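Heads up, the sequence shown is in the working numbering, so the first residue is 4 and it goes up one at a time. Glycine included, C-beta positions come from ideal geometry on N, C-alpha and C. Please read all numbers here as calculations on a predicted model, not as lab measurements.
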Amino acid sequence: MLLQSIRPLLYFNDYLGHDKYYPKFGYKKASQFGIEAPFEVSDDNFIAVELIAGGLSDFHGVVKYAKEFFGK
Numbered sequence: 004m005l006l007q008s009i010r011p012l013l014y015f016n017d018y019l020g021h022d023k024y025y026p027k028f029g030y031k032k033a034s035q036f037g038i039e040a041p042f043e044v045s046d047d048n049f050i051a052v053e054l055i056a057g058g059l060s061d062f063h064g065v066v067k068y069a070k071e072f073f074g075k
């Protein structure tokens, strides 16, 4: 439900999540899309999903999080 409601606003959603749970909802390793985390994390747990088919075909690089994400 949430993914459908934000679909018009975003091309993708990245997530730090459980490698067995989120793939049920279409999430794949972010590295498959050329997306990297700005910190060390297991490739199996840094995941992403395209909200628009092909929405990640031109995206690649390191995700930038707001400083608040890091608790600083």
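Member of the options whose CA lies at the smallest distance from the CA of residue i
i	options	result
F72	P41, A33, G57	P41
I55	H21, Y24, D22, Y30	Y30
S60	K27, Q35, D22	Q35
Integer Cβ distance of residue i from residue j, believed to fall under 8 angstroms
i	j	result
A69	I50	The Cβ separation is near 20 angstroms, so there is no contact.
E43	V65	Actually they are not in contact, since the Cβ atoms of E43 and V65 sit about 12 angstroms apart, beyond 8 angstroms.
Those residues which DSSP pairs with residue i across a bridge
i	result
E39	V65
Counted within 10 angstroms of its Cβ, other Cβ atoms place residue i as buried (16 or more) or exposed
i	result
L19	exposed
The ligand ZN heavy atom lying under 7 angstroms from the CB of residue i
i	result
F42	You won't find the ligand ZN in this model; it holds no ligand whatsoever.
Residues of its chain near residue i, where Cβ-Cβ distance is below 8 angstroms and the 5 sequence neighbours each way are ignored
i	result
H21	N48
F62	Y14, F15, F36, G37, I38
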